[in-house]
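Student:
Printed below as a string of structure tokens:
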């Protein structure tokens with residue numbers, strides 16, 4: 007019965023706060039897992055709605071009196087964008103990072119200690135500071151969400167050493183952990199689960215098939231043939247004949 011109540015509550019948050027008729031594929035299973043107190047490992051494609059997998063349970067748990075959700079994110083710009091979007095929807099969220107002045111940081115910390123925040127975004131570097139962990143030990147924490155979790159992988163170009171220390175948060179926080187990424191092979195998924203000390207995590211893997219995308223590889227020996235092939239590809243896509251459209255060309 008409790009699971010049904012939580013599911014209905016989460017669905018209500020999706021509709022009332024985030025403006026969606028329902029969950030996308032994979033989201034409901036991830037939300038249900040953390041609301042049931044389980045760890046979760048979520049691999050969904052870019053644009054697949056990973057953020058909702060922790061934002062929805064964060065709101066549900068905060069409004070049930072469970073405390074603040076800590077979101078570890080590697081990019082300040084991403085933190086600020088998400089905080090602004092959440093505040094625009096009436097969710098009490100904040101970010102604690104180096105671009106804030108001393109007064110701004112003090113204001114966020116005071117709000118955290120007062121139990122006023124539903125979500126707090128921090129960088130991995132800040133999350134592993136002893137001072138921050140002492141701060142967490144003084145407040146109720148509902149959930150720990152680790153975004154871009156593939157950054158734990160020493161095999162990847164996004165590797166961040168501090169991600170390997172995020173399991174230390176479990177020493178001061180008694181709450182489920184949800185790790186999320188759009189980039190993880192089975193090997194990296196196992197590495198993430200081990201590095202973050204996830205306990206029997208619910209694993210959610212989305213469908214990465216994009217029927218509107220096509221991938222090909224062509225080998226060219228000169229810039230002239232490479233340019234001609236690029237122009238031909240644009241023409242094949244109808245960019246010239248239609249007189250409109252856009253193209254992005256990546257090059258070294």
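In the numbering used here, the protein residues as written are 7 to 258.
All C-beta atoms, glycine included, are put in the ideal place defined by N, C-alpha and C.
Quick caveat: nothing in here was measured; it's all calculated off a predicted structure.
Three-state secondary structure (DSSP) at residue 60?
Tutor: Position 54 of the chain shown, counted from the start, is the residue given in the question as residue 60. Reduced to three states, the DSSP call for residue 60 is helix.
Student: As an exercise, report each continuous beta strand (DSSP E) stretch of at least 3 residues that is fully enclosed by the stretch 146-190, in chain order.
Tutor: The qualifying runs are 147-152 and 183-187.
Student: Kindly indicate which three-state DSSP category residue 251 falls into: helix, strand or coil?
Tutor: The residue labelled residue 251 in the question sits at position 245 within the chain shown. In the structure shown, residue 251 sits in coil (DSSP, three-state: anything other than H, G, I, E or B).
Student: Name the two residues that bound the continuous beta strand (DSSP E) containing residue 46.
Tutor: Position 40 of the chain shown, counting from 1, holds the residue named residue 46. First-last of the beta strand (DSSP E) with residue 46: 46-49.
Student: Since residue 102 sits in a beta bridge, which residues does DSSP pair it with?
Tutor: Locating residue 102 in the chain shown gives position 96, where the first residue counts as 1. Partner(s): 128.
Student: Near residue 26, what residues of its chain come up, given a Cβ to Cβ distance below 6 Å and the 5 sequence neighbours on each side ignored?
Tutor: The residue labelled residue 26 in the question sits at position 20 within the chain shown. Hits under 6 Å: 20.
Student: Checking 8 Å against the spacing of the C-beta atoms, do residue 166 and residue 157 come in under that value?
Tutor: Taking the chain shown and counting its residues from 1, the one referred to as residue 166 is at position 160. Taking the chain shown and counting its residues from 1, the one referred to as residue 157 is at position 151. For residue 166 and residue 157, yes; Cβs fall inside 8 Å.
Student: Around the C-beta of residue 8, are 16 or more other C-beta atoms found within 10 angstroms, so that it is buried, or is it exposed?
Tutor: Along the chain shown, one-based indexing puts residue 8 at 2. Here the model assigns residue 8 a pLDDT of 38, short of 50, so the residue's position is not dependable and the matter cannot be decided.
Student: Any idea what DSSP makes of residue 243, helix, strand or coil?
Tutor: For the purposes of this step, residue 243 is taken as residue 237 along the chain shown, with counting starting at 1. Three-state DSSP puts residue 243 in coil, outside helix and strand.
Student: Return helix, strand or coil for residue 335, following the three-state DSSP convention.
Tutor: Nothing about residue 335 can be reported from this structure: the residues present for the chain run from 7 to 258 only.
Student: Spell out the partners DSSP gives residue 260 in its beta bridges.
Tutor: In this structure the chain extends from 7 to 258, so residue 260 is not present and cannot be described.
Student: Within 10 Å of its beta-carbon, does residue 244 have 16 or more other beta-carbons around it, so buried, or fewer, so exposed?
Tutor: Taking the first residue of the chain shown as 1, we reach residue 244 at position 238. Exposed, since its Cβ has fewer than 16 Cβ neighbours within 10 Å.
Student: With distance defined between alpha-carbon atoms, name the residue in 145, 223, 97 and 111 nearest to residue 132.
Tutor: By 1-based counting over the chain shown, the position of residue 132 is 126. Looking at the Cα atoms, 111 is the closest of the given residues.
Student: Can you confirm whether residue 154, when its beta carbon is compared against all beta carbons of chain B, has any partner nearer than 8 Å?
Tutor: Protein chains in the displayed structure number just one, and chain B is not present.
Student: Classify residue 221 as buried or exposed, calling it buried when 16 or more other Cβ atoms lie within 10 Å of its own Cβ.
Tutor: The residue labelled residue 221 in the question sits at position 215 within the chain shown. The residue in question, residue 221, is exposed, as its Cβ has fewer than 16 Cβ neighbours within 10 Å.
Student: What would DSSP say about residue 23, mapped onto helix, strand or coil?
Tutor: Start at 1 with the first residue of the chain shown, and residue 23 comes out as number 17. Of the three classes helix, strand and coil, the one that applies to residue 23 here is coil, per DSSP.
Student: Determine the direct distance from the alpha carbon of residue 28 to that of residue 124, and round the result to whole angstroms.
Tutor: Position 118 of the chain shown, counting from 1, holds the residue named residue 124. Position 22 of the chain shown, counting from 1, holds the residue named residue 28. For residue 124 and residue 28, the distance between alpha carbons rounds to 22 Å.
Student: Restricting to Cα atoms, I'd like to know which of 121, 51, 16 and 232 is closest to residue 268.
Tutor: One cannot answer for residue 268 here, as it falls past the ends of the chain, which runs 7 to 258.
Student: Taking just the CA atoms, how far does residue 101 sit from residue 70?
Tutor: Here residue 70 refers to the residue found at position 64 when the chain shown is read from its first residue. Here residue 101 refers to the residue found at position 95 when the chain shown is read from its first residue. Answer to the nearest angstrom: the Cα atoms are 22 Å apart.
Student: Contact defined as beta carbons within less than 8 Å: I believe residue 148 pairs with residue 68. What is the distance between those atoms, to the nearest angstrom?
Tutor: Position 142 of the chain shown holds residue 148. Position 62 of the chain shown holds residue 68. With a Cβ gap of about 6 Å, residue 148 and residue 68 count as contacting.
Student: Using the Cα positions of residue 114 and residue 143, report the straight-line distance between them to the nearest angstrom.
Tutor: Counted from its first residue, the chain shown places residue 114 at position 108. Counted from its first residue, the chain shown places residue 143 at position 137. Spanning the two alpha carbons is a distance of roughly 16 Å.
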